[in-house]
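This report concerns only the one structure given below.
Okay, here's the thing in structure tokens:
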């Protein structure tokens with residue numbers, strides 16, 4: 004029983020860290036690219052809207068968590084933030100970077116269910132809120148194409164900027 008609890012703790016911590024990493028990469032992308040102030044604004048709008056909706060629903064629904072803690076299981080804030088960040092990366096910088104971000108966000112959602120913090124429907128609702136928030140506010144960054152490159156056992160990233 005102790006081993007299972009330790010594994011759940013590690014899974015939960017890993018999910019927490021991945022959630023923060025996705026958000027940092029999303030916002031960091033806007034700061035990395037010169038003159039992408041519009042992306043920063045879109046990230047903040049997406050983040051704020053997903054959080055307002057998520058926290059508002061938590062107050063209204065008051066669903067008990069699977070572990071017995073009271074009243075804020077639905078929807079999952081971790082899933083909402085992770086999928087908001089992943090969707091922002093996808094919509095702003097392309098699917099090549101979106102796919103790994105979605106894998107990370109899916110792990111975050113899994114970690115919340117595995118750690119007995121949420122039911123599956125909680126993380127699905129959080130994911131939907133995050134995706135919709137990002138897709139509503141975010142536009143494609145038109146001046147830059149980013150493509151992962153794998154060639155002869157070498158890995159890299161190709162940046163192509165239109166002037």
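Numbering (the working numbering), first residue to last: 4 to 166. C-beta atoms are modelled at their ideal positions from N, C-alpha and C, and glycine is treated no differently. Computed from a prediction, not measured in an experiment: that's the story for all the values here.
query: Which residues bound the alpha helix (DSSP H) around residue 140?
result: Run containing residue 140: 123–140, per the alpha helix (DSSP H) assignment.
field: Spatial neighbours of residue 43 in its chain, beta-carbon cut-off 8 Å, leaving aside the 5 residues before and after
entry: Taken in chain order, the residues that qualify are 30, 33, 34.
query: Is it true that the stretch 13–27 meets the stretch 79–91, where meeting means three or more beta-carbon pairs spaced less than 8 Å apart?
result: Contact holds between the stretch 13–27 and the stretch 79–91, because three or more Cβ pairs, one in each stretch, are under 8 Å apart.
task: My understanding is that residue 123 touches residue 18, with C-beta atoms under 8 Å, so please give their C-beta distance in whole angstroms.
output: Between residue 18 and residue 123 the Cβ distance is about 15 Å, and since that is not below 8 Å, they are no contact.
Rounded C-alpha distance that separates residue 125 from residue 89: CA-to-CA, the gap between residue 125 and residue 89 works out to about 18 Å.
task: State the Cα-Cα distance for the pair residue 22 and residue 70, rounded to the nearest angstrom.
output: Rounded to whole angstroms, residue 22 to residue 70 spans 21 Å at the Cα level.
CB contact flag (residue 144, residue 96, <7 Å): In contact: residue 144 and residue 96 (Cβ atoms closer than 7 Å).
- prompt: Could you check where the alpha helix (DSSP H) with residue 95 kicks off and where it finishes?
  reply: Going by DSSP, residue 95 is part of the alpha helix (DSSP H) stretching over 80–96.
- prompt: Are residue 53 and residue 132 closer than 7 Å when you measure CB to CB?
  reply: The Cβ-Cβ distance between residue 53 and residue 132 falls below 7 Å.
- request: Between the Cα of residue 50 and those of 100, 103, 129, 109, spot the shortest distance and give me the residue it belongs to.
  value: Distances from the alpha-carbon of residue 50 to those of 100, 103, 129, 109 put 129 closest.
message: Let me confirm a value: residue 154 is counted as buried when at least 16 other C-beta atoms fall within 10 Å, else exposed. Which label applies?
response: Result: exposed.
task: Please state if the CB of residue 100 and the CB of residue 141 are separated by a distance shorter than 7 Å.
output: No. Outside cutoff.
- prompt: Among 109, 114, 157, 135, which one has its Cα closest to the Cα of residue 15?
  reply: Minimum Cα-Cα distance from residue 15 among the listed residues 109, 114, 157, 135 corresponds to 114.
query: Of all the CB atoms in chain D, is at least one closer than 7 Å to the CB of residue 60?
result: This model lacks chain D altogether, as it is built from one protein chain only.
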